[in-house]
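As numbered in full-length UniProt numbering, residues 1 to 170 make up the sequence shown, in order.
In this text, a Cβ means the ideal position worked out from N, Cα and C, and glycines have one as well.
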Amino acid sequence: MHPVVDLSQRKPIKRALALATVETLGLSVLFLLYWLLDIRDSVLSPLMFPPVVSFLLVLATSSSPISRPLRIIAAYTVAGSIGCIFAELPGPIFVEAVIAGGLTMFCMHVLGAFHAPATAIPLIMVLTFATGTSALIALPLLVLLACMVVFLAWGAHRILGDANYPQTWW
Numbered sequence: 001m002h003p004v005v006d007l008s009q010r011k012p013i014k015r016a017l018a019l020a021t022v023e024t025l026g027l028s029v030l031f032l033l034y035w036l037l038d039i040r041d042s043v044l045s046p047l048m049f050p051p052v053v054s055f056l057l058v059l060a061t062s063s064s065p066i067s068r069p070l071r072i073i074a075a076y077t078v079a080g081s082i083g084c085i086f087a088e089l090p091g092p093i094f095v096e097a098v099i100a101g102g103l104t105m106f107c108m109h110v111l112g113a114f115h116a117p118a119t120a121i122p123l124i125m126v127l128t129f130a131t132g133t134s135a136l137i138a139l140p141l142l143v144l145l146a147c148m149v150v151f152l153a154w155g156a157h158r159i160l161g162d163a164n165y166p167q168t169w170w
């Protein structure tokens, strides 16, 4: 198989089927984790969506700096930490959500760990009132999910014949 270069280009049917199969397997693993953690009725449930976007983004842009493993994990850690703090603050939630999102982007830029899907994390945490116990569970869950994204992307690239991911860890 050929390495994954640009997933935004049209692919022959056989290649498209291989890509879609690997992507679906990755999604299946992420949703298996969702099911095993039994967070369906929890405020933590929406936190499953940024990792899905991250997984597909890393497959599509494997050579991009935003797809580097440690940057993904750092971005999720920063976003989760800011989300935990802002979810606990009193005040208008929409203002808090915007400030939390902006602060997350600022911190990711300063750290050199920008990963766009992570920006949604503090917004989700503030808008779903992820406070108290759920906020304490959220941060380790997010780090676990970021690690799963990296592991699944690494495996997907190997299955697709792209042994070059990651080109660098940071």
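{"Query": "Measuring alpha carbon to alpha carbon, tell me which of L70, L57, D162 and K11 ends up nearest L111.", "Result": "L70"}
{"Query": "Apply the 10 Å Cβ neighbour rule to G101 and answer buried if 16 or more other Cβ atoms are within range, or exposed otherwise.", "Result": "buried"}
{"Query": "Measure the CB-CB distance between I121 and L89 and report whether it falls below 8 Å.", "Result": "no"}
{"Query": "With DSSP run on the structure shown, which of helix, strand or coil describes G101?", "Result": "helix"}
{"Query": "On the premise that S63 lies in contact with H157, defined as a C-beta separation below 8 Å, what is that separation, rounded to the nearest angstrom?", "Result": "Contact doesn't hold; Cβ gap of about 11 Å is too wide."}
{"Query": "Whole angstroms are fine: how far does the CA of P166 sit from the CA of R40?", "Result": "32 Å"}
{"Query": "Taking Cβ to Cβ, would you say I85 is nearer than 8 Å to H115?", "Result": "no"}
{"Query": "Express the C-alpha separation of F94 and V150 in angstroms, rounding to a whole number.", "Result": "31 Å"}
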